[in-house]
Structures are given as structure tokens and as C-alpha cells.
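Visitor: Numbering (our numbering), first residue to last: 26 to 452.
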Ligand code: CMC
């Protein structure tokens, strides 16, 4: 028998159905609550509120489980690659060889970005943060690709997905090239997606550029680990913007802006800034551990703890290994990375962190890898955005196919009541 939730309010009893997901998560369906009672629920930050039914990603923060379309993140990171995972997220199943080839070729086909986009980039000051530039450029893509996508039309949707995957990668790297004053590179159709990221970022017209396969493999893993994380801040943003039937580029541009914040994607940049601060202040790791534990000190160890993962972050386990591989292969000797290792060791052995289940999260290690690859700190969140792109696309597509209603939360008004207008001369 299906469960029923009962609510007693002002002497009356109301019944609400309970819905259950395929991983046994349960929710009380209150969609009729206001109609029946005149009341709404209050849940700031939506920590107890499901906003949609979704087939894309499952995560269990208590058990440290993350799955895309039913496959564990561990298995995907070990056996798959970023484009295959992107296909899985967006189209719902692992591609056959032919389907994957079609996807890769589609991305190649649309990889040229309109030359006039360069005029827009030229309008930004060199000092502009790359995330701000990326959000604007993504939005500007709408102007060059004005045809709105019919999510129900498979070939239109496929074209839009390929366009977004390719053009977003190119403009993301252009935000860096512009900042460095380097010529803007083009996608190279002889290379794969992640290799293209490397050459778009780093190859110079003055000589050949060699792409290191260990680096490509670590980046590929990082992108897989970031590819989706169910209804987080930026993804919910993409869905809610798209729910007004705004286009794909416009919705993703909003997602980029949401991701930029230091409490979300901006944390990986904050990790490196913290490590730099520790180094500049003499490299005393123990002092910073004490600061993090001091309740009167606002300092927190960046890259430790997680909003939903309360035991460990499954992504961090995988990426720690990739970080070790990259540092070993590149033989990097960097005092910042040495501080990171000391900090990780000290925190993992400290009772304060152990008793609160505060482990390094994915951002702790991703920052270290990006640093080792020579990616500047202010590009870290752009890296996150490149990884998260297939997740945003998948969630936008699902929301449109499910014909979800426009997102419109309610509120409890707490402002003034019954004021009378006073003429400006009498105020
Ligand atoms: N350093 C020191 N103490 C901490 C930290 C930290 N990084 N994180 C939590 N605590 C303490 C906190 O003070 C509290 O102690 P007490 O029980 O004595 O009051 C306890 O641990 C529980 O913390 P909380 O604030 O209830 O945890 P939360 O779930 O509200 O916050 C968090 C999660 C991620 C915001 C927080 O751990 C944090 O600020 N971490 C650093 C920032 C960071 O790395 N963010 C990236 C998250 S992953 C990116 C993503 O997926 O978008």
C-alpha cells in the first residue's frame, strides 16, 4: 500500500501522497497544499524541497554515492571518457561506436565560432574575470544562433547540443587567450575534445605544441567528475531560466553566472588563494589548522567539507589519484603544492576534522591539478564550467521534454502593511 502523509491544521486533517524514486528516495507531494489549505511551505535554500523528477543523476551524500544514469562515477571515471559520458548524460544511454562518432563529428562540424564574436571579446577590459566574459559570450552566442530549439525535434536538438558543446569550449579558452594577449585559436578537427581544450588554450603560432597524454587523461577524468551533480545552484538556475522557454545558450549563460560564486564553483579558486596566503605568511600549516578550528576566527579550510557529502566526496577519492599521477609525471616542484600535501595530511589526522567528517572535496584536488598544468587561478571556475556543460544541457533538455511548468516559488511577505502615499513635498 502506498504511503500517505497526514497534516493536521486548524482541526482539519489533510492527506498527501508520498512519491518514491528508483533509488528509494521519498517525497511528500504537496502540489495541492495551497489549493487545499491556503498555506504554503517555507524552506529557504530548498534543502528539503524537490523541484523536479529527474532520470539523470543520483547522489547520496550520507553514503558518498554519485551515479550518472545509473552508472557509478567510479566506473565511468575508470572506463569511459568525457564525450561518452556527455552523450550518456544528454541522450540517456551509452552511445554505440557509430553514435559516438556521429556526436564527435557533430561537435567538429559546428566548432567554428562566428568571427564577429571576437569584436565582443575586444570590448572587455583585459582585467575582466574570465567567468564574467564567458557568461556574456555564451549569451552572445544566441545572437549568432537565433533559431530557438525545439527540444522535441531530435535532429534540431542534436544540432543544438553539438553546437553548444563545441562553441562553449572554444569561447571558454578564448577568455584566457584574450587575457594573455595571445591570438585566438580555432578548434582542430584532427584532435579529440580534451586535446582540443589543451591546444586551444596553450598552442602558440610560433612553434609546435605537444599534448601530454597524462595531462589529457587527468583532465578528461576531472571533466567527467564535474559533468553533473543533480539540482545544485547552477543546474537549478539553468532549469528555472529554461522553464520560461528561454533558449539553451541563454539558460547556460545564467548557469555560468551561478557557478561563478565562491560558495559553488568558485571554491576551487579559493583553495589556491588560501594556499598562496599560507605560503606568503611563512608556510606555517599548523597555524592555519588552528585558525580553521577557532570558532572566533572566520577562516575555514577551503576545499574541505561539503554541503551534501557528509562522509566523503566520491569524486575527491578518484581525483586524488589523478592529482598524484599528474604531479609525478610532470615532476613538479612547487611550494604551493607541498603546502597542499601538508595541509591534507594534517587535517586528515586532526580530531576536529575527523569528528565533523570534513574531508578534502573535489575542489581541493582539482585546484592542485589545474595549478600543475599551468592554468591560472582565475580560470579554475571556467574549467568547472566546461566539465559541467553536458550536465546543464541534459537538465535543460529533460526539463523541456517533461514539459515542466515555469519555475515560480512563493514567499511570505514580511514588509510594511497599509502605508498611505505621502506627497514628496510632505516627506
Ligand atoms: N573548515 C573548518 N571548519 C569547517 C569547515 C572548513 N572547511 N567546513 C565545516 N566546518 C565546521 C563548521 O564550523 C561546523 O563546526 P561546528 O559543528 O563546531 O559548528 C561543522 O564543521 C559543520 O559545518 P557546516 O557549516 O554545518 O557544514 P555545511 O554543510 O553547512 O557547509 C561547506 C558545507 C562546503 C559550505 C563548508 O564545509 C565550507 O565552507 N567548506 C569550505 C568551502 C568549500 O570547499 N566549498 C566547496 C564545496 S564543493 C563545491 C561544489 O560541489 O559546488
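Where is the CB? At the ideal position from N, CA and C, for every residue including glycine. Being a predicted model, the structure only gives us computed values, none of them experimental.
#1: How is residue 428 classed by DSSP in three states: helix, strand or coil?
#2: Starting from residue 305 and walking both ways along the alpha helix (DSSP H), at which residues does that stretch end?
#3: First and last residue of the beta strand (DSSP E) that includes residue 265?
#4: With distances taken Cα to Cα, identify the nearest neighbour of residue 7 among 63, 56, 45, 47.
#5: Can a CB atom of chain B be found closer than 8 Å to the CB of residue 286?
#6: Hey, could you find the ends of the alpha helix (DSSP H) residue 390 is sitting in?
#7: Can you tell me whether residue 158 is buried or exposed? The criterion is at least 16 other CB atoms within 10 Å of its CB, across all chains shown.
#8: Using CA atoms only, rank isn't needed, just tell me which of 131, 165, 431 is closest to residue 275.
#9: Between the C-alpha atoms of residue 399 and residue 278, what's the straight-line distance to the nearest angstrom?
#10: In three-state terms, what does DSSP make of residue 33?
#11: Specify whether the stretch 374–390 and the stretch 291–304 touch according to this definition: at least 3 beta carbon pairs, one from each stretch, less than 8 Å apart.
#12: What are the boundary residues of the alpha helix (DSSP H) that includes residue 200?
#13: Output the distance between the C-alpha atoms of residue 75 and residue 434, rounded to the nearest integer angstrom.
#14: Would you kindly work out how many angstroms separate the C-alpha atoms of residue 418 and residue 253, rounded to a whole number?
#15: DSSP has residue 43 in a bridge; who is on the other side?
#16: Once DSSP output is grouped into helix, strand and coil, what is the label at residue 96?
#17: List the endpoints of the continuous alpha helix (DSSP H) containing residue 167.
#18: Is any non-hydrogen atom of the ligand CMC found closer than 7 Å to the C-beta of residue 317, if you look at the structure I gave you?
#19: Check whether the Cβ of residue 305 sits closer than 7 Å to any heavy atom of the ligand CMC, and report yes or no.
#20: Rounded to whole angstroms, how far is the Cβ of residue 429 from the Cβ of residue 268, which I believe are closer than 8 Å?
#21: Hey, how far is the Cα of residue 302 from the Cα of residue 259?
#22: Which of the three DSSP states, helix, strand or coil, is assigned to residue 91?
#23: Going by Cα to Cα distance, which pick from 342, 426, 363 is closest to residue 89?
#24: In this structure, how does DSSP classify residue 107 when only helix, strand and coil are distinguished?
#25: May I ask you to verify whether the stretch 230–240 touches the stretch 347–355, counting CB pairs closer than 8 Å and requiring at least 3?
#26: Count the other C-beta atoms from every protein chain shown that fall within 10 angstroms of the C-beta of residue 174, then say buried if there are 16 or more, exposed otherwise.
#27: Going by DSSP in three states, residue 82 sits in which element: helix, strand or coil?
#28: By a C-beta neighbour count over all protein chains shown, 10 Å radius and 16 as the cutoff for buried, is residue 155 buried or exposed?
#29: For residue 396, collect the residues of the same chain with a Cβ closer than 8 Å to its Cβ; drop the 5 residues on either side in sequence, then sort them by chain order.
#30: Spatial neighbours of residue 150 within its chain, please: C-beta separation below 6 Å, excluding the five flanking residues on both sides.
#31: Tell me which residue opens and which closes the alpha helix (DSSP H) that residue 450 is part of.
#32: DSSP on residue 231, reduced to helix/strand/coil?
#33: Tell me which residues share the same chain as residue 347 and place their Cβ nearer than 8 Å to its Cβ, disregarding the 5 neighbours each side in the sequence.
#34: Let me make sure I understand the geometry here. Which of 427, 61, 413 has the alpha-carbon closest to that of residue 33?
#35: How big is the Cα-Cα spacing for residue 409 and residue 114?
#36: Does the ligand CMC have even one heavy atom less than 7 Å from the beta-carbon of residue 325?
Guide: In this structure, then:
#1: coil
#2: 292–305
#3: Per DSSP, residue 265 belongs to no beta strand (DSSP E); it is in the alpha helix (DSSP H), 258–267.
#4: What the structure shows of the chain is the stretch from 26 to 452, and residue 7 is not part of that stretch, so it cannot be assessed.
#5: Among the chains in the structure shown there is no chain B, since it carries only a single protein chain.
#6: 387–397
#7: buried
#8: Nearest of 131, 165, 431 to residue 275, Cα basis: 165.
#9: 26 Å
#10: strand
#11: yes
#12: 179–205
#13: For residue 75 and residue 434, the distance between alpha carbons rounds to 12 Å.
#14: 10 Å
#15: 53
#16: strand
#17: 155–169
#18: yes
#19: no
#20: 6 Å
#21: 28 Å
#22: strand
#23: Out of 342, 426, 363, 342 has the C-alpha closest to the C-alpha of residue 89.
#24: In this structure, residue 107 counts as helix in the three-state DSSP scheme.
#25: yes
#26: buried
#27: strand
#28: Under this definition residue 155 is a buried residue.
#29: 297, 359, 361, 362, 402
#30: none
#31: That residue, residue 450, is in no alpha helix (DSSP H); it is neither H nor E in DSSP.
#32: coil
#33: 242, 243, 246, 247, 390, 394
#34: 61
#35: Those two C-alpha atoms are separated by around 16 Å.
#36: yes
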